[in-house]
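Report on one structure; see the data block that follows.
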Amino acid sequence: PPPIPPPPPPPAPPPAPINYPLQAITNATTERDRFLALYPHIRTEILNHLSSTHELIPEATKWVETMMDYTVPGGKLNRGLTVLQVHRTLTQSSSERELTPTEVARSSVLGWAIEF
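Spelled out as structure tokens, the structure:
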């Protein structure tokens, strides 16, 4: 008889929940402010990843933070905001409702990926 294959490995644990700044998104009064509310969260995630995975020294991590703050959030943000606006339009046209703060956060993550 053929050999019995080993059992498959156990499934990977689910990812940790993401703590989006939902209150800041809810409190924002404009689409731009809702989009910008997510920037500090994304910046922190990127800096934590760089310092832990790539073993950047603290001075290099601080330089990257300064560079990001100087170059990323200060523009018109047209591309990133468009992602959020398209998600809002598609949701309104298909289910006639507003986006939840979590949906705004998820759309903003994609928009920030384009902005970076």
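Using our numbering, the first residue of the sequence shown is number 71, and each one after it goes up by one. Even for Gly, the Cβ is constructed at its ideal location relative to N, Cα and C. None of these values were measured; they are calculated from a predicted model.
(message) Using only the alpha-carbon positions, how far apart do Pro128 and Pro143 sit?
(response) In the sequence shown, residue 128 corresponds to position 58, counting from 1. In the sequence shown, residue 143 corresponds to position 73, counting from 1. C-alpha separation (whole angstroms): 22 Å.
(request) Just the C-alpha distance for Val153 and Ser177, rounded to the nearest angstrom, thanks. (result) Position 83 of the sequence shown, counted from the start, is the residue given in the question as residue 153. Position 107 of the sequence shown, counted from the start, is the residue given in the question as residue 177. Those two C-alpha atoms are separated by around 6 Å.
(request) Decide if Arg104 is buried, meaning its Cβ has at least 16 other Cβ atoms within 10 Å, or exposed. (result) The residue you call residue 104 lines up with position 34 of the sequence shown. That one is buried.
(message) Within the continuous alpha helix (DSSP H) that includes Asn97, where are the two ends?
(response) Within the sequence shown, residue 97 is the residue found at index 27, counting from 1. Its alpha helix (DSSP H) spans residues 92-97.
(request) Have a look at Trp182, His111, Ile116, Ala82 and flag the residue whose alpha-carbon is nearest the alpha-carbon of Asn148. (result) As a first step, residue 148 must be located in the sequence shown, where it is residue number 78. Comparing Cα positions, the closest option is Trp182.
(request) List the whole-angstrom C-beta distance separating Ala175 from Ile95, where the pair is believed to meet the contact cut-off of C-beta under 8 Å. (result) Mapped onto the sequence shown, residue 175 falls at position 105. Mapped onto the sequence shown, residue 95 falls at position 25. With a Cβ gap of about 6 Å, Ala175 and Ile95 count as contacting.
(message) Taking 7 Å as the limit between beta carbons, can you name the residues of its chain near Leu187, skipping five residues before and five after?
(response) For the chain, the structure presents residues 71 to 186; residue 187 sits outside this window and is missing.
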